[in-house]
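Residue numbers (this note's numbering), protein chains in the order written: chain Y, 4 to 252; chain R, 168 to 369.
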């Protein structure tokens, strides 16, 4: 046996001595199917979770309260949810890395993965919107202010938003009742920021941010909260004492 | 060679000799039920793979790495992706096995590669440093220059320039995007030229 065949000889001997057999194909297919399903589910959950979370944060005003820009910055510039952009970027990179490491996706041009990710996020946002996730934001019920007042622990005054219905208004004084029935006097000045083109008649659900003194708010910004009017009805979307919980005897 | 002299083997019968030699992929499929077919694959790939492994982790570990890689390939034959070439699949297994073996034995992957004259010539073929220098010095300089490249660049350079693999195969072996191979190779070449003190390519 010459040198050229030594390796072949050794390999075949080892195969024989160790009784090696090729692993059946179905095992590889099963593992691959499980792995791909797990990655696909992770990807979908990431996109859905991200979109749903952002949707909730936007709807209850928390995201808008996260004012990261300087106070002299143009408000319209900071109206754009840069935080959302950052979140999408982080999750996007994570999903991207995960996908590239899976199967033969390393051969796929990066742009297609990015397109797929953006598509999944849009799909997730659509699903979140369709499932009316806003109801969840008020499920905690009266007296529990979980989502009622902004969520920004870093935003000083801007973190203390009040969501309520405009009961009456003059040029400088508005009366707003919040979800708990608390009545607020809102002082509006020339400095108060309103979103471009917003018209806020009596009865509109608004979110007010500003400096609070007892039941008075010196408003720094007021903006309408869209598509939440149905939630402001008493008991809407909340469990009452007489309600029956499905599946509970 | 006469038909009567051939051993009784499926792949060396007169019928097979008159037909085209089976491709690697055909042999890989046949090897699922026939170890002789796998033996033929070992014969075909033993030398280039051992040389490749030697460049990656040194001659000492190369043979063990390739042997382990062949056994691993045999066990995983059913997982062979028909979209890949068998060659790329084997190179990938050898690459990973060799690096894992080196890490296990020496806790690190050697960066100073053992370069033979042929490899040095291939790597310095488009530079003009060979004319003035003694071969040994060139070999040492190239080895040192390669050691300064990052792992990915070195792998791409070796697979492309020395092993002569296509971009597509390199992408499959190293599991990187096909369109990233060209730029990586280009950067690696120009860095190597710079390190060797050769003028940049036109």
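We put the beta carbon where it would ideally sit given N, CA and C, even for glycine.
Chain-ordered neighbours of residue 242 of chain R on chain Y, where CB pairs are closer than 7 Å: Locating residue 242 of chain R in the second chain gives position 75, where the first residue counts as 1. The CB of residue 242 of chain R comes closer than 7 Å to the CB of 23, 25, 26 in chain Y, given here in chain order.
Which of helix, strand or coil DSSP assigns to residue 253 of chain Y: An answer regarding residue 253 of chain Y cannot be provided, because it is not within the stretch 4 to 252 covered by chain Y.
Within chain R, the residues that residue 18 of chain Y reaches when beta carbons sit closer than 8 Å: The count along the first chain starts at 1 and reaches residue 18 of chain Y at position 15. Among the residues of chain R, those whose CB is under 8 Å from the CB of residue 18 of chain Y are 202, 205, 238, 241, following chain order.
Reference residue 221 of chain Y; option with closest CA among Y/205, Y/202, Y/195: Within the first chain, the letter at position 218 stands for residue 221 of chain Y. Of the candidates Y/205, Y/202, Y/195, the residue whose Cα lies closest to the Cα of residue 221 of chain Y is Y/195.
Start and end residues, alpha helix (DSSP H) containing residue 339 of chain R: Locating residue 339 of chain R in the second chain gives position 172, where the first residue counts as 1. First-last of the alpha helix (DSSP H) with residue 339 of chain R: 334 to 341.
DSSP state of residue 222 of chain Y mapped onto helix, strand, coil: As a position in the first chain, residue 222 of chain Y is number 219, starting the count at 1. DSSP places residue 222 of chain Y in strand when its eight states are reduced to three.
Cβ of residue 100 of chain Y within 8 Å of any chain R Cβ: By one-based count along the first chain, residue 100 of chain Y stands at place 97. Residue 100 of chain Y does not count as touching chain R.
C-beta neighbour in chain R for residue 253 of chain Y, strict 8 Å: Only positions 4 to 252 of chain Y appear in the structure, and residue 253 of chain Y is not among them; the question remains open.
Residue 185 of chain Y versus Y/206, Y/219, Y/173, Y/118, residue with shortest Cα-Cα distance: One-based indexing of the first chain puts residue 185 of chain Y at position 182. In this structure, Y/219 is the residue among Y/206, Y/219, Y/173, Y/118 with its C-alpha nearest to the C-alpha of residue 185 of chain Y.
Check whether residue 214 of chain R and residue 191 of chain R have beta carbons under 8 Å apart: Position 47 of the second chain, counting from 1, holds the residue named residue 214 of chain R. Position 24 of the second chain, counting from 1, holds the residue named residue 191 of chain R. No, the pair does not count as a contact, with Cβ atoms beyond the cut-off.
Of the residues R/352, R/188, R/201, the one placed nearest residue 23 of chain Y, counting alpha carbons only: By 1-based counting over the first chain, the position of residue 23 of chain Y is 20. Residue R/201 is the option with its Cα nearest to residue 23 of chain Y.
Spatial neighbours of residue 349 of chain R in its chain, beta-carbon cut-off 8 Å, leaving aside the 5 residues before and after: Residue numbering aside, residue 349 of chain R sits at position 182 when the second chain is read from its first letter. Counting only Cβ-Cβ distances below 8 Å, and skipping sequence neighbours, we find 334.
Rounded straight-line distance, which links the Cα of residue 38 of chain Y to that of residue 288 of chain R: The sequence position of residue 288 of chain R within the second chain is 121, counting from 1. The sequence position of residue 38 of chain Y within the first chain is 35, counting from 1. Rounded to the nearest whole angstrom, the CA to CA distance from residue 288 of chain R to residue 38 of chain Y is 44 Å.
Chain Y contacts made by the segment 211 to 234 of chain R, where a contact means CB separation under 8 Å: Flagged, chain order: 213, 214, 217, 230, 233, 234.
Host beta strand (DSSP E) of residue 170 of chain Y (start-end): On the first chain, residue 170 of chain Y is found 167 positions in, with the first residue counted as 1. Residues 165 to 172.
Residue 250 of chain R beta carbon less than 8 Å from that of residue 340 of chain R: Within the second chain, the letter at position 173 stands for residue 340 of chain R. Within the second chain, the letter at position 83 stands for residue 250 of chain R. Between residue 340 of chain R and residue 250 of chain R, the C-beta spacing is not below 8 Å.
Residues within the segment 252 to 279 of chain R neighbouring chain Y, beta-carbon criterion of under 7 Å: Listed by position along the chain: nothing, the set is empty.
Nearest to residue 48 of chain Y (by Cα), restricted to the options Y/226, Y/125, Y/26, Y/167: Position 45 of the first chain, counted from the first residue, corresponds to residue 48 of chain Y. Cα-wise, what sits closest to residue 48 of chain Y is Y/125.
Proximal chain Y residues relative to residue 194 of chain R, where beta-carbon distance stays under 7 Å: As a first step, residue 194 of chain R must be located in the second chain, where it is residue number 27. Residue 194 of chain R does not reach chain Y, its nearest Cβ partner there being about 13 Å away, counting only Cβ pairs nearer than 7 Å.
Residue nearest to residue 258 of chain R in terms of C-alpha spacing, selected from R/285, R/218, R/271: The residue you call residue 258 of chain R lines up with position 91 of the second chain. A check of alpha carbon separations from residue 258 of chain R across R/285, R/218, R/271 identifies R/218 as the nearest.
Buried or exposed by the 16-neighbour rule on C-beta atoms within 10 Å, applied to residue 114 of chain Y: Here residue 114 of chain Y corresponds to residue number 111 of the first chain, with the count starting at 1. Counting other Cβ atoms within 10 Å of its Cβ, residue 114 of chain Y stays below 16 and is therefore classed as exposed.
Below-8 Å beta-carbon distance, residue 246 of chain R vs any chain Y residue: The sequence position of residue 246 of chain R within the second chain is 79, counting from 1. For residue 246 of chain R, the answer is yes, since a Cβ of chain Y falls inside 8 Å of its Cβ.
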